[in-house]
Amino acid sequence: MLCIKNRVVLALVFSLICGFATYFPSDAYAQATKTGPSGLPIPRFVSLKSDRVNVRIGPSREHKIAWTFVHAGLPVEIVQEYDNWRRVRDWEGKEGWVFHTLLSGRRTALVTPWEDDAKTPLRARAQSDGPIVAELKSNVLLNVTECSDGWCSATIDDHEGWIDQKRLFGVYPDETFD
């Protein structure tokens, strides 16, 4: 009888451990891409098309609005698709559902939103010793045109230059595009 109880307890503990291991995905899994119903990769970064974007708790207009974005151009990460709805994640990790027409494929990024009062150089060349074009504060919104070798070409107002890719929310750490 005791042997059977031990086996049951051991099986239960093993099941719990396996359950927790699959509940918390590894970084490699989180960065793995798959194709969504739209035919586009998931996850991927996009930007908000409108100054007012309602984020809902589920993928339909019948679901309640959880919050509203109020700034066009903000980068969000699409982590799931359902019909014409996209589950998006912001830089704080908050997730909700947005109708697809409110999103744009235009690439944008926020400079170090996770650091208060940080300054990040925008450089004339994609080199850590390149001349500084501008010092960018945290949460500055940039247009990103390309990324390669750890650097992204970005513009803000009348400034154009290169910025360290790791300092941005809106591009993946080793992502390359042009």
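Residue 187 in my numbering is what sits at position 58 of the sequence shown, and the numbering runs on without skipping anything.
We put the beta carbon where it would ideally sit given N, CA and C, even for glycine.
N-terminal and C-terminal residue of the beta strand (DSSP E) that residue i is part of
{"i": "L239", "result": "237 to 240"}
{"i": "A283", "result": "280 to 285"}
{"i": "P260", "result": "Unbroken run through P260: none, as it is neither H nor E."}
{"i": "E275", "result": "270 to 277"}
{"i": "T162", "result": "Taken as a continuous stretch (DSSP letters only), T162 belongs to no beta strand (DSSP E), as it is neither H nor E."}
{"i": "E244", "result": "Per DSSP, E244 belongs to no beta strand (DSSP E) and is neither H nor E."}
{"i": "E304", "result": "Run containing E304: none; DSSP gives neither H nor E here."}
{"i": "H288", "result": "288 to 293"}
Contact set for residue i: own chain, Cβ-Cβ below 6 Å, skip 5 residues either direction
{"i": "V269", "result": "V240"}
{"i": "F198", "result": "L177, V182"}
{"i": "R235", "result": "S176"}
{"i": "A255", "result": "W280, W291"}
{"i": "F174", "result": "P204, E206, G299"}
{"i": "H229", "result": "N213, R215"}
Nearest-angstrom Cβ-Cβ length linking residue i and residue j, presumed shorter than 8 Å
{"i": "P204", "j": "T237", "result": "5 Å"}
{"i": "W214", "j": "P242", "result": "Contact doesn't hold; Cβ gap of about 25 Å is too wide."}
{"i": "A247", "j": "S267", "result": "5 Å"}
Cβ neighbours of residue i in the same chain (closer than 7 Å, five flanking residues each side left out)
{"i": "A195", "result": "V184, R185, I186, G225"}
{"i": "P302", "result": "Q294, K295"}
{"i": "R218", "result": "V205, E206, V208, E224"}
{"i": "E179", "result": "At residue 179 the sequence reads Ser, which differs from the Glu that was named. Within the same chain, S179 has close Cβ partners A201, L231."}
Cβ shell of residue i (< 8 Å), same chain only, five flanking positions each side left out
{"i": "E275", "result": "C281, S282, F306, D307"}
{"i": "P166", "result": "E210, Y211, D212"}
{"i": "H192", "result": "R185, I186, W226"}
{"i": "P170", "result": "T162, K163, T164"}
{"i": "Y152", "result": "For Y152, the pLDDT reaches just 37, beneath the cut-off of 50, and the residue's location in the model is therefore unreliable, leaving the point undetermined."}
{"i": "D245", "result": "S267"}
Residue i: CB within 8 Å of a non-hydrogen atom of the ligand MG
{"i": "D293", "result": "This structure lacks the ligand MG, and indeed carries no ligand of any kind."}
field: At least 3 beta-carbon pairs within less than 8 Å: the segment 257 to 269 vs the segment 204 to 213
entry: no
Inter-stretch contact (C-beta, 8 Å, three-pair minimum) for the segment 246 to 255 and the segment 278 to 292: yes
Ranges of the beta strand (DSSP E) found wholly within the segment 170 to 223, counting only runs of at least 3: 173 to 177, 182 to 185, 194 to 198, 204 to 211, 214 to 218
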